[in-house]
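*Asks:* Quick note, the sequences are listed as chains C, R and P, same order.
Here this note's numbering is used: the first residue of the first sequence is 59, the next is one more, and so on.
Here this note's numbering is used: the first residue of the second sequence is 495, the next is one more, and so on.
Here this note's numbering is used: the first residue of the third sequence is 397, the next is one more, and so on.
Glycine included, every Cβ here is placed at the ideal spot set by N, Cα and C.
Just dropping this structure here.
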Amino acid sequence: MSAAEDVSGDESREFERGTTNSVLHIDDVHKSFAGLHALSDVDLDVREGETHAIIGPNGAGKSTLLNVCVGRLKPDRGAVVFDGHVLTGKSPHEINQLGVARVFQTPEVFPDLSVIENVMVPALSKRDGHFSLNPFKSFAREKTLHSEAESVLESVGLQAHLSSPASSMSRGDKRRLELAMGLIQHPRLLLLDEPTAGMARHDTNATIDLLKKIKEGGMTKVIIEHDMHVVFSLADRISVLAGGRIIAQGTPDEVKNNPKVKEAYLGEEQV
Amino acid sequence: MDAIFLQILNGLDKGGAYALIALGLTLVFGTLGVVNFAHGALFMLGAFCAVTLNRLLNVSYEQVSETEKDFLGNPLKEQVPYLQGWLGEDMGSFLLDYSVPLSIIMAIVVMGIVGVVMERGLIRHFYKRPHADQILVTFGLAIVIGELIRHYYGANPIPQSAPSAVSGAANVGAWVGLGNNVIYPWWRLVYFAFSAVVIFGVFAFLQFTTFGMVVRAGMQDRETVGLLGINIQQKFTIVFALAAIVAGVAGAMYTPILPPDYNMGMDFLVLSFVVVVVGGMGSLGGAVLAGFLLGILQSFASMSVVQNALPGIAQIIVYLVAVIVLLTLPRGLMGRKGVMED
Amino acid sequence: MAAALSKSKDWILFVGFSAVILLLPWILAPIGAGYPDLLQKIAIFGIFAIGFNILFGLTGYLSFGHAAFIGVGSYMSLWSFKLLTMNVLPAMIFSVALAGLFAFAIGYVSLRRSGIYFSILTLAFAQMSYNLAYSVLTPLTNGETGLQTRAIRTNPETSLLDGDIRIIDQALGVQELGVPTTNFFGLSMSGMSGFYFCAILLIICFFIAQRLTNSNFGMMLKAIKSNQNRLNYTGIHTRPYLIAAFVISGMYAGLAGSLMAVTDPIAGAERMQWTASGEVVLMTILGGVGTLIGPVVGASLIKYAEQKVSSWNEGILSSFFDFLPETLQHFMVSVSSLFVGESWHTTLGVLFMVVVIFLPGGLMEGFRRIIERVTGGKKSAKPGAVESGARAPQPAE
């Protein structure tokens, strides 16, 4: 129960501080698995409208952090606050309804549904809320949503196979489909878990262009990414996670020149 | 005190049967990843091994009695089992008397073959299919097996008797110092001891043999064991056959307690699945524990005191416990994380 | 454009279905199945299977306890006959409502788990209902004898199980000679009028199921089957959807149970046994899980087989194999006698296995494949298969 008190305490502290432009505020989050500290003392602010990249070597705790944000994992201590709402302890659907959408690392789609249906389901969720019992409202008559879904699919380059089942798509196409599923909800915060992993260079560039376009629309994004090309093309700010701690934070240039980062991370990879 | 002790005894033999069936179910589920709804039918087949052996031993020829006459004064015609003709009267009737325990041998052979054929012919093709498909196809098989038995053996239960040496009642109370009020059928004690031995045997086999080690590793992580290059297919066949044999001998030995009919498999299957789920899918220890626990609970619930206080509790106790356990302990009493949770 | 097309397709399907059901007595007459008793069963089990498919076909949750709702519906209807009136309308309304309540209670608890745990939980609840109906609830169910309608009791001391009161009928001054029959405002519920009554309800039920399947609600259920976890992250609370689907399918079962009592006013606990739950699973699978027509096809086939195959005996078989030499004839007769007459459940079991092994999409999937082959691989226009709902065929390795 003391953990719960901690959470409420953190929440009030957050309000007192009254950070004006912070959309997502991760406050002193700890998470350990069987004694292993996956995350410790993680503090992070994501500002309204920015693209915030979280990078770090394998096993640094990036995915754990994302899972804490979307309610899949419960932190041992600390809290995640989105737009004044404490996300900690909320279930995934509640968090989504608050305006946080997630794009998974391994593409998670509805394999038995058609491509357009895959995009219309999140659109329905956005419009009708987490449960709406109107059992006779015809799906085929949702013309507005249908055309909206079509245009989102066009923007990710999937306009060609609207009615084929999602299971028949390539992995890269599934990723783009998932992106469309996130975008149609017009979330205030989009969490992207390695959106270009496993994509060919050409597709990666297309995805970067797409994400840049969204950025112009003012959507706040958090990206977890390995590909430095992607990170440095998109990010306004970068946080570097290593060994479960944030070791550096700042603009791409600041991070690039940070000696700690070079030591922990960038030394291993081509920039 | 006496009553409680008696109820515990009452629960033990039934619990033993539940535990043996649940053990096989869990073994198959844990290693092969298959939900086998035909497992109850294997228990029933084992029971009919006992019936068949008894009938085989009883195949008789007619002979005219030298000494006895019927009421008209004609020489009496009597049926003499060939067995007595061949092995002498004493040996023959001895074998007949012990037909139920002897049927264990037959059950081992028959169920071993059935198990291998079933795994190779059907189960193997369902490893990667959804659980719903496995449930459905084995459910269909269970119906077929049940109907075949009904076709050849009829629909009525066929009583079998325990060997005369252990067919009476044991004064269990006197053994444990509770006086003479606790009288209990010998054969049920034998069954409990038998189930304990089989359970112990299976655990020892899994614990101390290389084969058992592989199986246990497979229950922990199926994919890795497959990657080790171990001939997993063959191992799976053996595991399945073992589970079939365990269910079969459990059924054969149970015949003096409950006369077998073609439907007994279904009744036991439903209960055994409840046992497995209560114990925790994939946990052998859990299956055994839950088997005995539910057996004993069931016998307590059928006490008249309890019946008067909570009418109908005896009929639903097992299911009630299952519901409560499933809702409070999602993985059952001893289930592992990650089994059947998607 | 696409929406309009699918809409007209839906209407063709609905009109075609209704026509076939209403003409069933003539369609089935050539194969000796045009008699009311069988036709009623087909219609009733069709309703049951359509409802079951709303849960299993759309959400993928396999309930092994739906027979409990059949029992609830049957018992409730009989009590309505015994206490209120022989008119079937109140009986059906009460049955559906009560089955819905039961389904809500059982679903609320069972749907906390998924997969096989859900199946076992529903099975446990159904077995509890069955066992209780035979024991403690005997004053309500009349145990093994079963609940029946009786003549109006003359002595108030007579148990309600043995003498009815029928308050409404009595107040209306309905004259009864012996035990009256059920009626729908005077229309007798036995024979052909009984069938047409059930058939019209089946058509209504089909229409509702069709609308459900094609609605936003239905889309959510399909999404649950496809990837429930993803749906949670999409902002959908899946449990209320599942509970709603469970309750709706429980109400269908309640209606089916009520109609069983309507066409034959007796209710026994054996209707709640888990084999009865297994039967509806088989009907759905055989016809085609997730399709609209499939469950009705499956129900018809199984009820037809039950009546026909179970009536074949050795005499019929040996005349059938008459053309063979005698020894071969004997052999064929003895082999095939394993599958007919009293042993017809063997056929059922084999059918079950064959369908699951070779045709996971059921007969509708089979038809679709045949039509596809005939029309040269083009997407079939056969309206029966709801493409997105049908499970993709998985070849056995």
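1. Exposed or buried, residue 408/P, counting other C-beta atoms within 10 Å across all chains shown (16 or more means buried)?
2. Between residue 764/P and residue 800/R, what straight-line distance do the alpha-carbon atoms span, to the nearest angstrom?
3. From residue 313/C to residue 631/P, what distance separates their C-alpha atoms?
4. So which residues of chain R does residue 748/P contact, with C-beta pairs closer than 9 Å?
5. Taking residue 504/P as the query, report the chain C residues whose CB atoms sit under 8 Å from its CB, ordered along the chain.
6. Any beta-carbon of chain P closer than 8 Å to the one on residue 833/R?
7. Opposite residue 307/C in the DSSP bridges: which residues?
8. Between residue 820/R and residue 769/R, is the Cβ-Cβ spacing less than 8 Å?
9. Residues of chain C with CB under 8 Å from residue 608/P, in chain order?
10. First and last residue of the beta strand (DSSP E) that includes residue 459/P?
11. Would residue 567/P be called buried (16 or more neighbouring beta carbons within 10 Å of its own) or exposed?
12. Below 9 Å between beta carbons is the criterion; list the residues of the stretch 624 to 651 of chain P that meet it against any residue of chain C, in chain order.
13. Does the distance from the CB of residue 454/P to the CB of residue 617/P come in under 8 Å?
14. Kindly indicate which residue of 620/R, 552/R, 690/R has the alpha-carbon position closest to the one of residue 752/P.
15. Is the distance from the Cβ of residue 615/P to the Cβ of residue 175/C below 8 Å?
16. In this structure, does DSSP put residue 679/R in helix, strand or coil?
17. Between the Cα of residue 692/R and those of 570/R, 640/R, 591/R, 515/R, spot the shortest distance and give me the residue it belongs to.
18. Less than 8 Å between the beta carbons of residue 417/P and residue 479/P, yes or no?
19. Taking a contact to mean a Cβ-Cβ separation below 8 Å, would you say residue 307/C touches residue 252/C in this structure?
20. Indicate whether residue 641/P and residue 451/P have their beta-carbon atoms separated by less than 8 Å.
21. With residue 610/R as the anchor, note down where its alpha helix (DSSP H) starts and where it stops.
22. Measure the C-alpha to C-alpha separation of residue 225/C and residue 766/P and round it to an integer number of angstroms.
23. Any contact of the stretch 698 to 710 of chain R with the stretch 574 to 588 of chain R, i.e. 3+ C-beta pairs under 8 Å?
24. Do you know how far the Cα of residue 610/P is from the Cα of residue 203/C?
25. Can you check which of these residues, 571/P, 427/P, 606/P, is closest to residue 403/P by C-alpha distance?
26. Determine which residues of the stretch 456 to 479 of chain P have a Cβ less than 7 Å from any Cβ of chain R, and write them out in chain order.
27. Hey, would you say residue 809/P sits closer than 8 Å to residue 592/P, going by beta carbons?
28. Taking the Cβ atom as the reference point for each residue, do residue 606/R and residue 496/R lie within a distance shorter than 8 Å?
29. Between which two residues does the beta strand (DSSP E) holding residue 250/C run?
30. Check the Cβ of residue 645/R against every Cβ in chain P and list those closer than 7 Å, keeping chain order.
31. Would you mind reading off the limits of the beta strand (DSSP E) that contains residue 101/C?
32. Contact check, residue 510/P vs residue 521/P under 8 Å by CB: the rounded distance?
33. Does any residue of chain P bring its CB to less than 8 Å from the CB of residue 175/C?
34. Kindly list, in the order they appear in chain R, the residues whose Cβ is closer than 7 Å to that of residue 545/P.
35. I need the DSSP call for residue 231/C, collapsed to helix, strand or coil.
36. Since residue 163/C is in the alpha helix (DSSP H), which residue starts that stretch and which ends it?
*Replies:* Quick look at the numbers:
1. Sequence index remark: in the third sequence, residue 408/P carries index 12 (1-based). Exposed: under 16 other Cβ atoms inside 10 Å.
2. Residue mapping note: residue 764/P aligns to position 368 of the third sequence, counting from 1. Residue mapping note: residue 800/R aligns to position 306 of the second sequence, counting from 1. Those two C-alpha atoms are separated by around 58 Å.
3. Taking the first sequence and counting its residues from 1, the one referred to as residue 313/C is at position 255. Taking the third sequence and counting its residues from 1, the one referred to as residue 631/P is at position 235. Answer to the nearest angstrom: the Cα atoms are 35 Å apart.
4. Translated into the one-based positions of the third sequence, residue 748/P becomes position 352. For residue 748/P, the neighbours in chain R by C-beta distance under 9 Å run, in chain order, 630, 631, 633, 634, 635, 637, 638.
5. For the purposes of this step, residue 504/P is identified with residue 108 of the third sequence, where counting begins at 1. Within 8 Å Cβ-Cβ: nothing; residue 504/P doesn't reach chain C, min ~14 Å.
6. By one-based count along the second sequence, residue 833/R stands at place 339. Caution is warranted here: a pLDDT of 49 is assigned to residue 833/R, below 50, making its placement in the model unreliable, and no coordinate value can be reported.
7. Along the first sequence, read from residue 1 onward, the residue named residue 307/C stands at position 249. According to DSSP, which records beta bridges pairwise, residue 307/C is partnered with 297/C.
8. Counted from its first residue, the second sequence places residue 820/R at position 326. Counted from its first residue, the second sequence places residue 769/R at position 275. Cβ atoms of residue 820/R and residue 769/R: not closer than 8 Å.
9. Numbered from 1 along the third sequence, position 212 holds the residue referred to as residue 608/P. Within 8 Å Cβ-Cβ: 193, 194.
10. Translated into positions along the third sequence, residue 459/P becomes position 63. Here residue 459/P belongs to no beta strand (DSSP E), and DSSP marks it neither H nor E.
11. Reading the third sequence from its first residue, position 171 is the one you call residue 567/P. Flag for residue 567/P reads exposed.
12. 625, 626, 627, 628, 629, 630, 631, 632, 633, 634, 635, 636, 637, 640, 644
13. Along the third sequence, one-based indexing puts residue 454/P at 58. Along the third sequence, one-based indexing puts residue 617/P at 221. Yes. Within cutoff.
14. Translated into positions along the third sequence, residue 752/P becomes position 356. That would be 620/R, whose Cα lies nearest to the Cα of residue 752/P.
15. By 1-based counting over the third sequence, the position of residue 615/P is 219. By 1-based counting over the first sequence, the position of residue 175/C is 117. Closer than 8 Å, so yes.
16. Taking the first residue of the second sequence as 1, we reach residue 679/R at position 185. Residue 679/R: strand per DSSP, three-state reduction.
17. By 1-based counting over the second sequence, the position of residue 692/R is 198. Measuring from the Cα of residue 692/R, the nearest candidate turns out to be 515/R.
18. For the purposes of this step, residue 417/P is identified with residue 21 of the third sequence, where counting begins at 1. For the purposes of this step, residue 479/P is identified with residue 83 of the third sequence, where counting begins at 1. Cβ atoms of residue 417/P and residue 479/P: not closer than 8 Å.
19. Sequence index remark: in the first sequence, residue 307/C carries index 249 (1-based). Sequence index remark: in the first sequence, residue 252/C carries index 194 (1-based). Not closer than 8 Å, so no.
20. As a working note, residue 641/P is residue 245 in the third sequence. As a working note, residue 451/P is residue 55 in the third sequence. A distance below 8 Å separates the beta carbons of residue 641/P and residue 451/P.
21. As a first step, residue 610/R must be located in the second sequence, where it is residue number 116. Run containing residue 610/R: 593 to 615, per the alpha helix (DSSP H) assignment.
22. Here residue 225/C refers to the residue found at position 167 of the first sequence. Here residue 766/P refers to the residue found at position 370 of the third sequence. Looking at the two C-alpha atoms, the distance is approximately 23 Å.
23. no
24. Position 145 of the first sequence holds residue 203/C. Position 214 of the third sequence holds residue 610/P. Between residue 203/C and residue 610/P, the C-alpha separation is close to 16 Å.
25. By 1-based counting over the third sequence, the position of residue 403/P is 7. The candidate whose alpha carbon is nearest that of residue 403/P is 606/P.
26. Those residues of the stretch 456 to 479 of chain P that come within reach of chain R (Cβ to Cβ, closer than 7 Å) are 458.
27. Given that chain P is displayed from residue 397 to residue 793, the structure contains no residue 809/P and the question cannot be resolved.
28. Sequence index remark: in the second sequence, residue 606/R carries index 112 (1-based). Sequence index remark: in the second sequence, residue 496/R carries index 2 (1-based). Not closer than 8 Å, so no.
29. By 1-based counting over the first sequence, the position of residue 250/C is 192. That run of the beta strand (DSSP E) goes 247 to 251.
30. Counted from its first residue, the second sequence places residue 645/R at position 151. Near residue 645/R (Cβ distances below 7 Å), the residues of chain P are 734, 739.
31. For the purposes of this step, residue 101/C is taken as the residue at position 43 of the first sequence. Per DSSP, residue 101/C belongs to the beta strand (DSSP E) from 94 to 105.
32. For the purposes of this step, residue 510/P is taken as residue 114 along the third sequence, with counting starting at 1. For the purposes of this step, residue 521/P is taken as residue 125 along the third sequence, with counting starting at 1. 16 Å between Cβ atoms; not a contact.
33. As a first step, residue 175/C must be located in the first sequence, where it is residue number 117. Chain P contact via Cβ: present.
34. Looking up residue 545/P in the third sequence gives position 149. None at all; the shortest Cβ gap to chain R is about 26 Å.
35. As a working mapping, residue 231/C is identified with position 173 in the first sequence. In the structure shown, residue 231/C sits in a helix (DSSP, three-state: H, G or I).
36. Here residue 163/C refers to the residue found at position 105 of the first sequence. Counting along the chain, residue 163/C falls outside any alpha helix (DSSP H), and DSSP gives it neither H nor E.
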